[in-house]
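A.B. asks: Residue numbers (the UniProt record's numbering): 1 to 403.
In this text, a Cβ means the ideal position worked out from N, Cα and C, and glycines have one as well.
Just so you know, these numbers come straight off a predicted model, no measurement behind them.
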């Protein structure tokens with residue numbers, strides 16, 4: 001199948017997975033906090049001081065508040081759809097930027113396969129449909145990663161500005177964990193490949209500009225509040241929370257569970273890639289070593305930090321997808337690939353099985369659910385017959401239809 005058609009298939013798939021029934025489920029968990037704080041920002045005509053019950057709520061960075069507010073202003077109201085829409089659009093943009101970013105690493109069709117793996121991963125798909133800050137942070141990280149990959153061999157002011165700009169987007173979305181994650185990549189690359197030439201006046205200038213933009217919203221928040229508390233909270237929420245946290249005290253092994261969860265359903269590839277890359281470390285290419293070691297060190301950074309929650313580890317996702325793609329391209333175990341293909345073929349009949357079982361179990365079958373199951377089965381059959389020449393991409397599509 002031609003490249004353009006596969007890109008179109010991936011784009012349509014992304015639109016369905018991210019936007020379908022986006023506003024159906026009631027606000028969940030902390031989504032209500034983001035929605036209410038933003039609604040009150042609009043009532044108060046403020047851009048820098050979120051409030052809940054009209055009391056300042058300035059512990060969270062501002063980018064998600066801004067975009068949710070713009071969504072509410074444009075669509076004239078706040079509801080489940082308008083609150084989640086900015087995150088969904090950011091998720092779609094993240095996928096496009098990721099595809100562009102990995103293209104220098106992977107030629108066709110592996111750049112599409114990597115993008116498909118990211119799109120269908122639990123971590124990406126779950127947070128793309130929630131009004132939370134994680135997907136905004138992920139966009140910043142993916143943007144910085146794309147700039148680094150494209151300008152890795154150049155002393156480019158634009159490249160440095162894009163890298164640090166993505167870092168700032170991540171920082172103003174979730175916190176300075178994006179700084180720790182993104183600085184790990186060039187540091188490891190500098191050590192492995194002697195790329196210390198990136199420490200030059202262009203990178204220092206770009207970093208200084210980015211740092212100014214990062215702290216500007218905190219300054220403007222402090223000005224509006226007429227208080228220095230935003231800077232105190234920045235220290236408490238970012239620095240103190242990492243070494244002496246007041247909450248989120250999860251056990252150290254929590255990320256051994258959440259790393260494969262966020263990568264699922266491709267977790268077996270993650271385990272196999274880790275084993276294969278450890279065994280054959282000396283034989284790995286420069287890029288394979290870079291993204292393998294970056295993923296390992298990101299995992300260690302989050303594990304060592306004392307404040308732990310499952311979604312804190314989400315920034316590891318794009319790095320993990322890249323090194324899993326390297327595994328599939330050059331090191332994959334044929335037996336494991338056979339297992340995934342077999343499961344993919346079994347998934348063809350899953351919608352039909354559900355369609356037959358639900359009435360037998362005396363469970364109500366709505367028109368929408370019945371139609372969805374029938375269409376799901378038909379799509380699975382179409383994928384099975386049309387994508388025989390792209391077996392890995394076909395497996396991704398089988399899983400995506402079930403999702």
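(1) Which residue marks the beginning of the alpha helix (DSSP H) containing residue 3, and which one marks its end?
(2) Is residue 257 closer than 7 angstroms to residue 263 when the C-beta atoms are compared?
(3) Does the Cβ of residue 102 have 16 or more other Cβ atoms within 10 Å, making it buried, or fewer, making it exposed?
(4) With distances taken Cα to Cα, identify the nearest neighbour of residue 128 among 108, 193, 21 and 295.
(5) Can you confirm whether the segment 99-115 touches the segment 2-13 when touching is taken to mean that 3 or more C-beta pairs between the two stretches lie within less than 8 angstroms?
(6) For residue 228 and residue 245, I'd like the C-alpha separation in whole angstroms.
(7) Helix, strand or coil for residue 104? Go by DSSP, reduced to three states.
(8) What does the Cβ neighbour count give for residue 208, buried or exposed, with the cut at 16 atoms within 10 Å?
(9) Based on the DSSP output, what are the partners of residue 55 in its beta bridges?
(10) Counting along the chain, where does the alpha helix (DSSP H) carrying residue 398 start and finish?
(11) For residue 189, is the classification buried or exposed, using 16 other Cβ atoms within 10 angstroms of its Cβ as the cut-off for buried?
(12) Spatial neighbours of residue 347 within its chain, please: C-beta separation below 6 angstroms, excluding the five flanking residues on both sides.
(13) Tell me the residue span of the alpha helix (DSSP H) that contains residue 254.
(14) Using C-beta distances below 8 angstroms, list every residue in its chain close to residue 210, excluding the 5 sequence neighbours before and after it, in chain order.
(15) At what residue ranges does the UniProt domain "Glycosyltransferase RgtA/B/C/D-like" (60-211) contain a whole run of the beta strand (DSSP E), taking only runs of 3 or more?
(16) Here's the rule: buried if 16 or more other CB atoms are within 10 angstroms of the residue's CB, otherwise exposed. What is residue 181?
(17) I need the DSSP call for residue 405, collapsed to helix, strand or coil.
(18) Give me, in chain order, the residues of the same chain whose beta-carbon lies closer than 8 angstroms to that of residue 299; leave out the 5 immediate sequence neighbours on both sides.
(19) Excluding the five sequence neighbours on either side, which residues of its own chain have a C-beta within less than 8 angstroms of the C-beta of residue 297, listed in chain order?
(20) Between the alpha carbons of residue 200 and residue 261, how many angstroms are there, rounded?
(21) Across the segment 53-70 and the segment 32-40, are there enough close Cβ pairs to call them in contact, namely three or more that are closer than 8 angstroms?
(22) Can you list, in chain order, the residues of its chain whose CB lies under 6 angstroms from that of residue 265, leaving out five sequence neighbours each side?
(23) Cα-Cα, which of 126, 186, 139 and 156 is closest to residue 170?
(24) Quick one: residues in its chain with C-beta nearer than 7 angstroms to the C-beta of residue 202, no 5 flanking neighbours on either side, listed in chain order?
(25) Taking Cβ to Cβ, would you say residue 80 is nearer than 7 angstroms to residue 23?
(26) Could you tell me the distance, in whole angstroms, from the CA atom of residue 303 to the CA atom of residue 358?
(27) Around the Cβ of residue 330, are there at least 16 other Cβ atoms within 10 angstroms (buried) or fewer (exposed)?
(28) Give the straight-line distance between the Cα atoms of residue 133 and residue 205, rounded to the nearest whole angstrom.
(29) Report, in whole angstroms, the separation of the C-beta atoms of residue 323 and residue 273, which I expect to be a contact under 8 angstroms.
(30) Can you tell me whether DSSP reads residue 226 as helix, strand or coil?
(31) For residue 235, count neighbouring Cβ atoms within 10 angstroms of its own Cβ and tell me buried if that reaches 16, exposed if not.
(32) Check each candidate in 104, 371, 18 and 58 and name the one with the smallest Cα separation from residue 89.
C.D. replies: The relevant details are as follows:
(1) Here residue 3 refers to the residue found at position 3 of the chain shown. Here the alpha helix (DSSP H) through residue 3 covers 3-19.
(2) Here residue 263 corresponds to residue number 263 of the chain shown, with the count starting at 1. Here residue 257 corresponds to residue number 257 of the chain shown, with the count starting at 1. No, they are not a contact pair.
(3) Mapped onto the chain shown, residue 102 falls at position 102. Flag for residue 102 reads buried.
(4) On the chain shown, residue 128 is found 128 positions in, with the first residue counted as 1. Among 108, 193, 21 and 295, the Cα nearest to that of residue 128 belongs to 21.
(5) yes
(6) Residue numbering aside, residue 228 sits at position 228 when the chain shown is read from its first letter. Residue numbering aside, residue 245 sits at position 245 when the chain shown is read from its first letter. Taking the straight line from one Cα to the other gives about 21 angstroms.
(7) Numbered from its first residue, the chain shown carries residue 104 at position 104. Coil at residue 104, not helix or strand.
(8) Residue 208 sits at position 208 when you count from the first residue of the chain shown. So residue 208 ends up on the exposed side.
(9) Start at 1 with the first residue of the chain shown, and residue 55 comes out as number 55. DSSP lists 52 as partners of residue 55.
(10) For the purposes of this step, residue 398 is identified with residue 398 of the chain shown, where counting begins at 1. From DSSP, the alpha helix (DSSP H) with residue 398 extends over 391-402.
(11) On the chain shown, position 189 is the one that residue 189 refers to. Residue 189 comes out buried.
(12) Counted from its first residue, the chain shown places residue 347 at position 347. Excluding residues within five positions, the ones whose Cβ falls inside 6 angstroms are 398 and 402.
(13) As a first step, residue 254 must be located in the chain shown, where it is residue number 254. Where residue 254 is concerned, the enclosing alpha helix (DSSP H) stretches over 254-263.
(14) One-based indexing of the chain shown puts residue 210 at position 210. Its chain contains 161, 164, 165, 167 and 168 as the residues whose beta carbon lies nearer than 8 angstroms to that of residue 210, once the 5 sequence neighbours on both sides are disregarded; these appear in chain order.
(15) Whole beta strand (DSSP E) segments, 3+ residues: zero.
(16) Counting from 1 along the chain shown, the entry for residue 181 is found at position 181. Within a 10 Å sphere around the beta-carbon of residue 181 sit 16 or more other beta-carbons, which makes this residue buried.
(17) Absent from the structure is residue 405, since the part of the chain shown begins at 1 and ends at 403.
(18) Within the chain shown, numbered from 1, the residue matching residue 299 stands at position 299. Once the five neighbours on either side are set aside, the close Cβ partners of residue 299 are 255, 259, 313 and 316.
(19) Translated into positions along the chain shown, residue 297 becomes position 297. Correct list, in chain order: 184 and 188.
(20) To locate residue 200, count along the chain shown from 1; it is residue 200. To locate residue 261, count along the chain shown from 1; it is residue 261. Taking the straight line joining both Cα atoms gives about 39 angstroms.
(21) yes
(22) Along the chain shown, one-based indexing puts residue 265 at 265. Answer for residue 265: 399, listed in chain order.
(23) Position 170 of the chain shown holds residue 170. Among 126, 186, 139 and 156, the Cα nearest to that of residue 170 is on 139.
(24) The residue you call residue 202 lines up with position 202 of the chain shown. Within the same chain, residue 202 has close Cβ partners 155, 157 and 160.
(25) By one-based count along the chain shown, residue 80 stands at place 80. By one-based count along the chain shown, residue 23 stands at place 23. Yes; because the gap between Cβ atoms is below 7 angstroms, this pair is in contact.
(26) Within the chain shown, numbered from 1, the residue matching residue 303 stands at position 303. Within the chain shown, numbered from 1, the residue matching residue 358 stands at position 358. Looking at the two C-alpha atoms, the distance is approximately 43 angstroms.
(27) For this step, residue 330 is matched to residue 330 along the chain shown. Counting Cβ neighbours within 10 Å, residue 330 comes out exposed, since fewer than 16 surround it.
(28) In the chain shown, counting from the first residue as 1, residue 133 sits at position 133. In the chain shown, counting from the first residue as 1, residue 205 sits at position 205. Distance between the alpha carbons of residue 133 and residue 205: 28 angstroms.
(29) If you number the chain shown from 1, residue 323 lands on position 323. If you number the chain shown from 1, residue 273 lands on position 273. Indeed they touch by this definition, with Cβ atoms about 6 angstroms apart.
(30) Position 226 of the chain shown, counted from the start, is the residue given in the question as residue 226. Three-state DSSP puts residue 226 in coil, outside helix and strand.
(31) Counting from one through the chain shown, the residue named residue 235 turns up at place 235. Exposed is the call here.
(32) The count along the chain shown starts at 1 and reaches residue 89 at position 89. The shortest C-alpha separation from residue 89 is found at 18.
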